[in-house]
Every structure is written in C-alpha cells, then in structure tokens.
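Residue numbers for the sequence shown, in UniProt numbering: 1 to 524.
Here a beta-carbon is modelled for each residue, glycine too, at the ideal position from N, C-alpha and C.
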Amino acid sequence: MNNFKKTTVQNFTKASIVTSEECKYWKQLGTPVFIKEFGAIDYIDFSPIEPYNFAATCSLRVQIYNPLTKLVLKNITTFQKEAFGATYRNDGKLIAAGDDEGKVRLFDANTKTILRIFSGHRAAVHRTYFVSDLHHLASFSDDRTVKLWDVGTEKIVYTFREHNDYIRAGAVNRASPHTLISGGYDHVINMYDTRSEKRVMSVNHGNPIEALVFHPSGGIFISAGGNEIKFWDAVAGGRLLGTISQHTKTVTCLSVSSDGRHLISGSLDRHVKFFNTSNYQMIHNINYTNSILSVGIAKDGNTLAVGHVDGTLAIHRREENFDDDKIERIEREKRRKERTYQIADEVIEKPERKHLKGYDMSLRKFEYSKALDQVMNRFCVTKTPEVTVAIIHELIRRNGLRQAFANREQDSIAKILTFFNKYIGDGRFTRVLVDAINIFLDVYEPNFMSLAPDVQRLIVELNRRIQVEENMTLEFLKLQGALDIITNATELANETQNDTIDLTVPSSKMQPSADAMKAFIINV
C-alpha cells in the first residue's frame with residue numbers, strides 16, 4: 001500500500017503568445033508613477049527639446065514636470081478660471097494656453113512670465129497650437145470660431161466661422177505653416193488654408209470630434225470621435241483611409257510618435273492603446289483604474305504621460321538597460337552563491353514521504369464517488385480541468401465510474417453535466433468525456449423523467465452540443481477531403497513533370513555474326 005501509484009495528470013502545453021518587437025518596445029515603459037493633481041487633466045504636451053519636460057493642464061493651473069525626476073519644475077497659476085490645452089512652441093521657448101474666459105495666454109517656458117493675452121473669443125478656448133512658422137498661433141473655441149493670431153502684434157489675422165457647434169479639437173500641420181484643421185461637436189472636420197482665408201476641405205467623422213492630430217508627414221490627419229478613430233488623406237481631398245474601433249467608449253485623446261509609426265489613444269473605457277499607423281493593428285494596451293482624458297509621448301519615446309478624469313497623472317518611464325559593470329556584478333554574485341563546498345560530515349537523509357492528493361487518497365481507499373466529488377469543485381473545474389478528466393479516465397480504467405455516478409443528488413448530477421457541457425468541445429478531453437457520457441447515460445437515462453427540470457435541461461443541452469460537434473466534425477472531414485484532392489492533384493502534376501520518357505534505343509554490346517556480315521549492305 002505504500003507504493004500506491006499517483007494518478008497521472010497529462011499536462012497540456014499552452015499556446016505560445018507571439019510578442020512583436022513593437023509590443024516589446026512599448027512594454028519597456030515600465031510601472032507608472034501616479035501623481036494626484038488638483039483637477040481633471042485636460043491636456044498633456046511635451047516640449048520638443050531636451051530634457052523633454054511636459055506641461056499638464058489641470059484646473060486653474062499648468063504644471064510643468066521633469067520626466068526624469070517626475071517632479072514639478074514650474075507652476076503657472078495666473079488663470080482666473082479653468083485652463084485648457086497648454087502647448088509648447090516648436091522651439092520649446094513659449095507656452096500657450098486657453099481658459100474658460102475665452103482668452104489665450106502666452107508664457108515664457110523658462111521664467112513663467114506672461115508675455116501676451118489674446119482676447120477675442122466669446123466662449124471658452126479649449127485648444128491652442130503654434131503654427132510651424134513660430135510667428136502665429138491658432139485657437140479653437142466654444143464660440144464656434146477658429147482664430148489665427150499674430151504673436152508679435154497680439155492681433156487677429158484670420159477668423160474662420162465654419163462650424164455649427166462647439167469646437168473642442170484642432171491641429172496644425174508641422175509640415176506646412178499654412179494648413180490647420182478643426183473638429184467640432186457638429187461631427188465636421190474643416191481644413192483651412194491661411195493664405196486664402198477660407199475652408200478648403202470638409203469631412204464628416206460621424207460623431208462629435210474629441211481629438212485631432214496630423215501625421216508627421218503632413219499628408220494624413222487622424223480624428224477621434226465616439227469610439228472610432230479615423231485616418232484621412234489630406235492630399236486626396238479627405239479620402240477615408242481606415243477606421244479603428246478598438247475602444248468601447250468615447251476616445252478622448254490622441255498622440256503620434258515622433259517617427260509617425262505609432263498612434264496612441266486614450267478613452268473613457270480606461271484603456272490606452274497603441275496602434276501601428278501603417279496597418280492600423282493594435283500592438284499594445286495599458287489598462288488604468290479611471291477614465292482617461294489626455295495622453296502624451298515624448299519626442300524620444302522614453303516617457304509616456306496619461307491624465308485621468310479624477311486628476312491622477314500617470315508617468316511611465318522607459319526602463320534603462322543594465323550596463324556591463326552591473327551585469328558583471330550580478331553574474332559574480334550568482335557564481336558565489338552557486339559555489340559548492342566540500343562536505344565534511346556525512347548526512348543520512350530521512351526517506352522522503354510521499355504526500356498524496358485528496359483524490360489519490362480516495363482512490364487508494366476505493367472511494368470512487370468521493371474522488372469524483374473532490375475534482376468537481378469550482379476551482380478544479382475552472383483552473384485545472386485536466387485533473388478532473390484524469391480522475392474520470394482512471395475511474396473508467398478501474399471500471400468504477402458507473403459506481404461513482406450512481407445514487408447522486410440532483411445538485412451533484414447538475415455539476416457533472418455542467419462540466420460535460422463546458423468541455424465536450426475541447427479536443428484535449430473529447431475522447432475521455434465521450435466514454436464518460438455513455439456511462440452516465442447508462443446510469444440515468446432509464447430514470448430521465450424523475451430527474452429535476454434543471455437536470456433535464458442540462459441533458460438536452462448536452463445532446464445539442466454533441467450534435468453541433470458531430471456536424472462540425474463532418475464539415476471538417478469534407479474540408480479535409482477537398483484538401484486531399486487538391487494536394488494529390490498537385491503531387492501528381494509534379495511527378496508527371498519530373499518523369500521524362502526516354503525514347504532512345506539502348507546500344508547493344510553484341511557483335512554481328514558472319515551471316516549478318518555477308519548480308520551487310522552499305523547504301524552509297
């Protein structure tokens with residue numbers, strides 16, 4: 001009895017998950033540092049120059065953070081009402097931000113000194129962007145207008161009135177100082193040419209526009225509205241290139257990597273997703289605990305900042321690789337710990353006592369019903385179904401499964417049927433479960449009408465699932481037959497091409513006889 005053989009549980013290897021190089025790249029961002037701000041993080045923008053500080057707009061202030069120390073460097077608090085959309089100029093020297101009063105303020109990024117106040121909007125200004133020529137500034141307001149300002153003179157250059165609802169999104173083309181776009185809650189995206197003072201193109205997103213961004217190439221712009229992200233060809237007159245619908249709630253923010261290869265989106269569904277801009281495939285996903293309003297990525301791609309509706313700011317920093325000295329120290333410490341020393345005393349080890357699982361103890365005592373009950377608990381059925389199937393297989397081998405099924409309560413029968421229904425379609429367990437189901441039906445089919453209604457429904461459902469599996473198997477057999485015909489025809493064609501018929505007569509080594517030589521005639 002001491003040599004009882006444990007039940008052999010077959011371990012099934014899990015399917016390997018292929019991780020792309022792009023996914024590995026973004027996974028290196030590491031664990032975020034969370035900072036609690038004074039209000040919802042409306043917008044995040046990174047400085048285009050090193051060390052790539054970023055401005056986070058929240059409540060009545062703009063906080064400037066150092067991405068290395070993750071500490072506040074400067075705090076701009078000259079706003080009387082809520083601030084919106086603080087952005088850096090291309091040279092990193094100036095910061096512009098709108099507010100709830102309809103004003104646009106211009107600050108020195110180093111000294112926090114307020115340099116300009118642009119007054120002209122009649123409602124809140126939610127987005128402001130510097131044009132790539134460094135001398136003009138675009139503002140997008142709830143008064144349904146887009147204004148282009150001259151930074152030097154503090155005057156309005158152009159005013160565009162093409163929207164019928166609030167304008168909450170905009171973008172400027174870094175590749176062209178004369179092109180900018182705006183998106184409103186009227187579902188419309190308008191493109192303007194500042195040289196002609198008019199709208200040159202208009203497209204309909206289909207939902208209120210929450211965010212806009214230009215691809216660094218300048219020929220494509222991307223819009224976010226509802227749970228959809230759309231790519232548009234600016235050169236081809238606003239032709240729709242592709243749509244991404246990976247989010248389940250409204251997409252609130254967009255950001256593009258400096259090389260233009262990756263798009264980052266944030267949503268109210270608490271996810272930040274990373275997409276490949278060439279094939280629109282999602283390559284990485286980060287889940288947070290609260291809805292997301294803003295996201296930004298540094299120019300070098302080493303820092304990611306995410307702003308939440310509850311005022312939480314998450315800062316990810318790419319993990320640095322160990323240098324050679326650190327690796328050598330780690331290897332040296334590992335070798336020291338693994339060094340073996342000469343044994344001075346002889347130690348007589350106690351014989352190892354084998355510990356049996358509960359179901360093995362029950363099998364050892366021939367308590368088959370108890371063994372089956374021990375592997376029908378919720379944890380075993382959901383986490384380790386291979387153990388349950390292994391015990392069923394062992395009971396079949398011992399001719400004890402009929403005994404284990406007999407004389408059970410209705411709840412216990414329902415558990416067994418639920419397990420059958422869940423895993424009958426799993427190819428790993430089908431062979432064993434088919435035999436087990438046959439034994440189960442032999443036990444309970446004669447008394448089917450006396451079973452509880454819930455148990456009867458489970459048996460009917462099991463019958464339906466088995467029929468589905470049979471039909472699927474037949475379809476696969478048909479498909480296999482069709483594939484065999486194709487492969488056989490291909491192999492036959494290849495063999496025919498390789499076989500060449502030799503029509504030449506093999507030369508004979510026989511010499512002509514004397515009579516043949518007499519009859520030999522030469523035609524001249």
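- Message: In whole angstroms, give me the CA-to-CA distance for E491 and L477.
- Response: 21 Å
- Query: Going by Cα to Cα distance, which pick from I64, A404 and T384 is closest to L372?
  - Reply: A404
- Message: Three Cβ pairs or more, each shorter than 8 Å: is that satisfied between the region 213-225 and the region 166-183?
- Response: yes
- Please report the Cβ distance between A83 and L94, rounded to the nearest whole angstrom; I am assuming they are in contact, meaning their Cβ atoms lie under 8 Å. That pair is no contact at about 16 Å.
- Nearest-angstrom Cα separation, counted from F107 out to T113: Spanning the alpha carbons of T113 and F107 requires a straight line of approximately 5 Å.
- Is S119 helix, strand or coil by DSSP? strand
- Item | Coil, strand or helix - M282 by DSSP | strand
- Distance, E328 Cα to D42 Cα: 46 Å
- Considering only the beta carbon of each residue, do K249 and L268 sit closer than 8 Å? yes
- Message: Quick check: is the beta carbon of S223 nearer than 8 Å to any beta carbon in chain B?
- Response: Reference to chain B is not applicable here, since this structure consists of a single protein chain.
- Query: To the nearest whole angstrom, what separates the beta carbons of F160 and T179, a pair I think is in contact under 8 Å?
  - Reply: About 13 Å separates the two Cβ atoms, so there is no contact after all.
- Query: Between I501 and N488, what straight-line distance do the alpha-carbon atoms span, to the nearest angstrom?
  - Reply: Note that I501 scores 48 on pLDDT, short of 50, meaning its location in the model is unreliable and no value can be drawn from it.
- Message: Quick check on N66: does DSSP put it in helix, strand or coil?
- Response: coil
- Message: Quick check: the region 228-238 against the region 197-206, are at least 3 beta-carbon pairs closer than 8 Å?
- Response: yes
- Can you say whether L503 is buried or exposed, counting buried as having 16 or more other CB atoms within 10 angstroms of its CB? Residue placement at L503 is flagged as unreliable, the pLDDT there being 46, under the threshold of 50; a coordinate-derived value is accordingly withheld.
- Task: Would you identify the three-state DSSP class for G358, choosing helix, strand or coil?
- Result: helix
- Item | Cut-off 7 Å between Cβ atoms - residues of its own chain near V76, not counting five sequence neighbours on either side | For clarity, residue 76 is Ile in the given sequence; the question names Val instead. Once the five neighbours on either side are set aside, the close Cβ partners of I76 are R61, V62, F107 and K112.
- Output yes or no for whether 8 Å exceeds the beta carbon distance between F54 and S47. yes
- With 16 other Cβ atoms within 10 Å as the buried cut-off, status of L137: buried
- Terminal residues of the beta strand (DSSP E) in which V295 lies: For V295, the enclosing beta strand (DSSP E) covers residues I292 to I297.
- Query: Secondary structure at S508, three-state DSSP: helix, strand or coil?
  - Reply: The predicted position of S508 is uncertain, since its pLDDT is 46 and thus under 50; a value taken from the coordinates is nonetheless stated next. In this structure, S508 counts as coil in the three-state DSSP scheme.
- Below 6 Å CB to CB, which residues in the same chain sit around R318 once its five sequence neighbours on both sides are set aside? Q28, L29 and N302
- What runs of the beta strand (DSSP E), each 3 residues or longer, lie entirely inside the region 407-446? none
- Task: Take D142 as the anchor and find which of R122, Q374 and K230 has the nearest alpha-carbon.
- Result: Measuring from the Cα of D142, the nearest candidate turns out to be R122.
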